[in-house]
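Undergrad: The following block contains the structure, expressed as structure tokens.
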Amino acid sequence: IVIVFFWMSLLEGVPGTIDLLRKAGINFWMLTGDKQNTTIQIALSCNLISP
């Protein structure tokens, strides 16, 4: 039996950078081919959306 698990994490500083850009008036769109739940978790982790 083989189990493979991949976990991709954000680079350090991404949430803070997104916050700075948002304060500068920049809007974001997120396009992905991931499943909806994965997309939501990524957006939460980088502060694109609030819980």
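Using mature numbering (1 follows the signal peptide of the UniProt record, and there is no 0), the letters of the sequence shown correspond one by one to residues -16 to -1, 1 to 35.
Even for Gly, the Cβ is constructed at its ideal location relative to N, Cα and C.
Computed from a prediction, not measured in an experiment: that's the story for all the values here.
1) Could you please give the first and the last residue of the uninterrupted alpha helix (DSSP H) stretch that includes Leu28?
2) Comparing C-alpha positions only, which one of Thr16, Arg6, Cys30 sits nearest to Glu(-5)?
3) Tell me where the alpha helix (DSSP H) around Pro(-2) begins and ends.
4) Give every residue of the same chain whose Cβ lies closer than 7 Å to the Cβ of Ala27, excluding the five residues on either side of it in the sequence, and list them in chain order.
TA: In short:
1) Its alpha helix (DSSP H) spans residues 20 to 29.
2) Residue Cys30 is the option with its Cα nearest to Glu(-5).
3) Run containing Pro(-2): -3 to 7, per the alpha helix (DSSP H) assignment.
4) If you ignore the 5 residues before and after Ala27, its C-beta comes within less than 7 Å of the C-beta of Met14, Ile33, all in its own chain and listed in chain order.
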